[in-house]
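Each residue of the sequence shown is one higher than the one before, starting from 0 at the first, in numbering that gives the first Met the number 0.
For glycine and all other residues, C-beta sits at the position ideal for the given N, C-alpha and C.
Worksheet for the structure shown next.
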Amino acid sequence: MLFISFCTIFYLFYYHFMEYFAFLENITASVLGFLLRIFGLEVTVTGNTLTLDGLSLRIIDECTAMFGSIVYVSCVLAYPTDLKKKGIGIVFGIPCLYVINIVRLVVLAFVGISNPGIFEFVHTYLWQTIFIVFVIVVWLIWVDRVVK
């Protein structure tokens, strides 16, 4: 019940102040553009939109790892352990999820360029499932390495 309470509180807070978190979309787009350039792609980033090889990707709030972070932080805070261990879990877990999310976006960009016919499936089903699994794995690593 505590987990659901935290998820609800954090989501309502995020939803109420969503416009103040919009910068995360632009940061995510910029980081993604930077990494795609490292891989040799010509990318134009304008705000939260990337254009590359005839593909246009718009980074929205669901693309920022915010919702996965809300679930993860709620799991950490609901777990029965001391505040120091919870703090460690939050400080290390959120960046891990952000990195995993950036990897997800890089893969999606390459899928969109090389095989646009499967992009929607990979984006909507495959990576959503994989990201949920990663949220759980990061939480389990925290429980195993920090809490126990």
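Selected residue, minimal CA-CA separation from residue i, among the options
i: L49; options: L76, G116, I112 and I69; result: I112
i: V102; options: V30, C74, V137 and V42; result: V30
i: L104; options: I93, D81, R57 and L139; result: R57
i: L11; options: P94, T128 and M65; result: M65
i: I89; options: V137, F133, A28 and H15; result: V137
i: V44; options: I135, E61, F20 and N25; result: N25
i: Y14; options: I117, I69, M0 and I3; result: I69
i: F5; options: I59, S55, F133 and Y78; result: Y78
i: N100; options: F120, E119 and W126; result: W126
i: C95; options: I117, I140 and E119; result: I140
i: V146; options: F20, L1, M0 and K85; result: K85
i: L51; options: T63, S73, F33 and F20; result: F33
Residue i versus residue j - alpha carbon distance
i: N114; j: K83; result: 46 Å
i: E18; j: I131; result: 25 Å
i: T128; j: E61; result: 14 Å
i: N47; j: T27; result: 8 Å
i: D81; j: I87; result: 10 Å
Cross-strand partners of residue i (DSSP beta bridge)
i: V44; result: L49
i: S55; result: T50
Cβ separation of residue i and residue j, assumed to be a contact under 8 Å, to the nearest whole Å
i: G53; j: V75; result: That belief does not hold up - the Cβ atoms of G53 and V75 are roughly 41 Å apart, past 8 Å.
### Query
Three or more beta-carbon pairs under 8 Å between the segment 30 to 41 and the segment 104 to 113, yes or no?
At 8 Å Cβ cutoff, the stretches touch.
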